[in-house]
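Engineer:
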Amino acid sequence: MPQLISVDVENLRKNVAGSVFSPEDPGYDDARRMWNGQYDRRPAVVVQPVTAADVSSAITFAREHDLEISVRGGAHSTGGLCVIDGSVHINLSLMNSVTVDPRTRRCRVGGGALLGDRDTATQEHGLAAPAGIVGHTGVGGLTLGGGMGWLTRKHGLSIDNLISAEVVTADGRIRTASPEKEPDLFWAIRGGGGNFGVVTSFEFQLHPVGPIVQFGLFFWPLEQVTDVLRLTREVVATLAPELNVMIAGVNAPPAPFVPAEHQGRPGIMLLVTGFGPEAEHAELVDRIRRERPPLVEMVTPIPYAQLQQMFDEANAWGLLAYDKAIYVKELSDDVIAVVADQLPRKSSPHSAMFFFRLDGAYSEVGDDATAFSGGRTPRFTVFLLAVADNHEAYRADRDWVRGFWDALLPLGMGKGSYVNGETEFPEDRVRASYGEAKYERLARIKAAYDPDNVFRHNGNIKPAPQPPRQRSATG
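Under my numbering, think of the first position of the sequence shown as 2, with each following residue one higher.
Right, dumping it as structure tokens:
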């Protein structure tokens with residue numbers, strides 16, 4: 002790695018309106034910190050931009066000094082790829098503005114904004130866009146991989162609601178990607194991850210949501226996993242568009258509504274949210290109570306913003322984390338048997354399993370309309386997360402996640418998975434996730450916008466080989 006000298010960094014500072022930190026500067030350690038406490042990486046220099054021009058200057062500086070580039074939005078990369086040793090680290094956290102136009106139901110969001118930032122701003126107008134379920138996740142990383150959560154059945158993925166984006170590409174150019182401008186780039190960033198540049202702002206379509214939604218939480222002990230999943234299978238088959246369910250293999254939370262003797266107990270949870278008529282939600286709640294009485298329950302109207310922050314504390318900064326994901330077509334008896342066998346094997350109370358239901362608006366978008374790493378037929382995404390506060394428990398549950406994934410693989414929809422649910426990115430898994438045709442298209446677009454693979458610390462798509470240049474007839 003080339004040695005940076007003070008004059009180099011001073012020249013960079015002159016070209017950046019935001020902040021620039023060398024390792025000896027106050028603020029450097031905070032600026033390089035990431036969510037996953039497993040990693041402690043030291044970039045050569047940290048740039049906290051406030052404009053797209055700052056990002057362009059950081060990229061140009063890195064390339065001139067032959068330094069790698071790492072990019073942080075919300076810093077939630079379970080693989081720690083948002084911060085790389087010896088890199089020019091672009092920390093977008095100061096670019097966190099959210100501007101809402103309630104008349105057009107659109108919002109513009111800075112590349113460093115968190116989901117909580119966007120939810121707070123849009124809910125002032127009773128609006129929202131599909132997102133994940135942890136408020137301190139970055140909008141950028143979540144969106145570039147796809148973005149799924151409570152609103153996906155009703156309004157699709159985050160990328161299905163992306164109207165345009167401002168992208169700084171590897172050549173330092175600031176571009177607008179939309180259906181009309183740079184359409185190939187726009188297609189690629191909707192699911193292709195951070196392979197094509199640094200997105201400094203997003204424009205989203207919003208939808209009326211909340212501010213109050215209907216919520217139900219039901220918890221059963223591990224002994225009832227099979228019965229609960231069979232009931233869920235029946236519920237999903239006739240689920241109204243205004244409802245969504247999430248399956249969570251977790252420990253009962255230390256919450257006031259959980260009796261003390263059950264707090265921390267491992268089991269399975271069914272979360273039911275209603276975005277429409279209260280009667281639809283109440284009917285489903287009554288069915289669950291009647292057919293499979295829970296050990297613990299909480300049923301109440303809650304603010305949508307609170308729903309979006311429900312798992313924030315369980316995913317607190319500094320915990321050690323590892324994850325894998327897989328698609329399954331349905332809750333078949335075989336899938337249920339694997340869950341019943343594997344779920345009790347986790348050891349950390351922080352580790353978890355989630356099933357997200359994907360259908361409805363999700364399935365109304367064509368497979369090839371975006372670069373999303375998954376088909377659009379109805380399915381579940383299974384997230385397997387090892388989360389612990391010490392290395393011994395982390396290693397044990399990392400092995401649990403891998404074994405669980407291996408057991409589901411013969412029952413899954415191929416070897417590919419949702420790229421936002423992965424810690425590791427071997428090339429064969431990345432290819433399998435996108436499929437050969439989509440991967441090859443992404444590789445061609447990568448070659449056009451990042452032929453040197455500058456943005457490679459991600460679920461990397463390697464640029465397609467370029468044909469050799471032809472010599473002129475005059476030599």
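Positions of the beta carbon are idealized from the N, C-alpha and C atoms, including for glycine.
1) With distances taken between CB atoms, is the gap from Asn421 to Asn196 smaller than 7 Å?
2) Got a sec? Which residues, its chain only, sit under 7 Å from Leu218 by beta carbon, not counting five neighbours each side?
3) Go through the segment 73 to 127 residue by residue and report every complete run of the alpha helix (DSSP H) that reaches 4 residues or more, in order.
4) Taking C-beta to C-beta, are Ile213 and Pro302 nearer than 7 Å?
5) Run the CB neighbour count on Lys416, radius 10 Å, all protein chains shown included, and call it buried at 16 or more, exposed below.
6) Less than 7 Å between the beta carbons of Lys347 and Asp400, yes or no?
7) Could you give the C-beta distance for Val168 and Val199, rounded to a whole number, given that I count them as a contact under 8 Å?
8) May I have a chain-ordered list of the beta strand (DSSP E) segments no shorter than 3 residues that lie completely inside the segment 16 to 73?
9) Under 8 Å by Cβ, that's how I've got Thr517 and Ala341 pegged, so tell me the actual separation to the nearest angstrom.
10) Applying the criterion that 16 or more other CB atoms from any shown protein chain within 10 Å of the CB defines a buried residue, is Glu423 buried or exposed?
11) Taking 7 Å as the cut-off, decide whether the C-beta atoms of Gln49 and Leu82 are in contact.
12) So what does Gln215 bridge to, in DSSP terms?
13) To the nearest angstrom, how far is the alpha carbon of Pro350 from that of Glu331?
14) Taking 6 Å as the line, does the beta carbon of Glu314 fall inside it for any heavy atom of the ligand SAM?
15) Would you grab the beta carbon distance between Ser88 and Asn37 for me? Rounded to a whole angstrom, and I think it's under 8 Å.
16) Relative to the C-alpha of Leu412, which residue among Asp334, Ala387, Ala449 and Ala353 is closest?
17) Helix, strand or coil: which one does DSSP assign to Asp407?
18) Could you tell me the distance, in whole angstroms, from the CA atom of Ala129 to the CA atom of Glu365?
19) Tell me the rounded alpha-carbon separation between Arg65 and Trp188.
20) Please report the straight-line C-alpha distance between Asp30 and Leu320, rounded to a whole angstrom.
21) Looking at Ala171 and Asp368, is the spacing between their C-beta atoms short of 7 Å?
22) Where does Arg457 land, buried or exposed, given buried means 16+ other C-beta within 10 angstroms?
23) Would you identify the three-state DSSP class for Val402, choosing helix, strand or coil?
24) Can you give me the C-alpha to C-alpha distance between Ala372 and Asp41, rounded to a whole angstrom?
25) What would DSSP say about Arg396, mapped onto helix, strand or coil?
26) Is Gly361 closer than 7 Å to Arg154 when the C-beta atoms are compared?
27) Is the segment 239 to 246 touching the segment 278 to 287, taking contact as three or more C-beta pairs under 8 Å?
28) Is it buried or exposed, Arg291, if we count other Cβ atoms within 10 angstroms and call 16 or more buried?
29) With burial defined as no fewer than 16 other Cβ atoms inside 10 Å of the residue's Cβ, what is the status of Lys325: buried or exposed?
30) What is the rounded straight-line gap between the Cα of Val46 and the Cα of Val72?
31) Mind checking whether Gly194 and Leu163 have CB atoms under 7 Å apart?
32) Inspect the beta-carbon positions of Tyr305 and Ser374 and report whether they are closer than 7 Å.
33) Evaluate Pro255 with the Cβ neighbour count: other Cβ atoms within 10 Å of its Cβ, from every protein chain shown; 16 or more gives buried, anything less gives exposed.
Structural biologist: On the basis of the coordinates in this document:
1) Not in contact: Asn421 and Asn196 (Cβ atoms no closer than 7 Å).
2) So the list reads Met270, Leu272, Glu298 and Met299, once near-sequence residues are dropped.
3) Entirely contained in the segment 73 to 127, the alpha helix (DSSP H) runs reaching 4 residues are, in chain order, 116 to 124.
4) Yes, they are a contact pair.
5) By the neighbour-count criterion, in which a residue is buried when 16 or more other Cβ atoms sit within 10 angstroms of its Cβ, Lys416 is exposed.
6) No; because the gap between Cβ atoms is not below 7 Å, this pair is not in contact.
7) Right, their Cβ atoms sit about 7 Å apart.
8) If only uninterrupted beta strand (DSSP E) runs of at least 3 residues are considered, those enclosed by the segment 16 to 73 are 20 to 22, 46 to 49 and 70 to 73.
9) The chain is shown from 2 up to 476; residue 517 falls before or after that span and cannot be answered.
10) Glu423 should be labelled buried.
11) The answer is no: Cβ separation not under 7 Å.
12) For Gln215, which the question treats as bridged, DSSP gives the partners Gly275 and Pro302.
13) Across the structure, Pro350 and Glu331 are spaced so that their CA atoms are roughly 27 Å apart.
14) Because no ligand of any kind appears in the structure shown, any question about the ligand SAM cannot be addressed here.
15) 17 Å between Cβ atoms; not a contact.
16) The candidate whose alpha carbon is nearest that of Leu412 is Asp334.
17) Under the three-state reduction of DSSP output, Asp407 falls in the helix class.
18) Using only the alpha carbons, I get a separation of about 20 Å.
19) With the sequence shown as reference, residue 65 is identified as Glu, and Arg is not the correct amino acid for it. One Cα belongs to Glu65, the other to Trp188, and the distance between them is close to 29 Å.
20) Roughly 17 Å between the two C-alpha positions.
21) For the 7 Å CB-CB criterion, Asp368 and Ala171 do not form a contact.
22) When all chains shown are included, Arg457 counts as buried.
23) Helix, per DSSP.
24) When rounded, the distance between both Cα atoms is 32 Å.
25) Correct three-state label for Arg396: helix.
26) Yes, the Cβ-Cβ distance between Arg154 and Gly361 is below 7 Å.
27) At 8 Å Cβ cutoff, the stretches touch.
28) That one is exposed.
29) By the neighbour-count rule (16 or more Cβ atoms within 10 Å), Lys325 is buried.
30) Their backbone Cα atoms lie some 12 Å apart in a straight line.
31) Result no, Cβ atoms of Gly194 and Leu163 do not sit closer than 7 Å.
32) It is not a contact, given that the beta carbons lie outside the stated cut-off.
33) The residue in question, Pro255, is exposed, as its Cβ has fewer than 16 Cβ neighbours within 10 Å.
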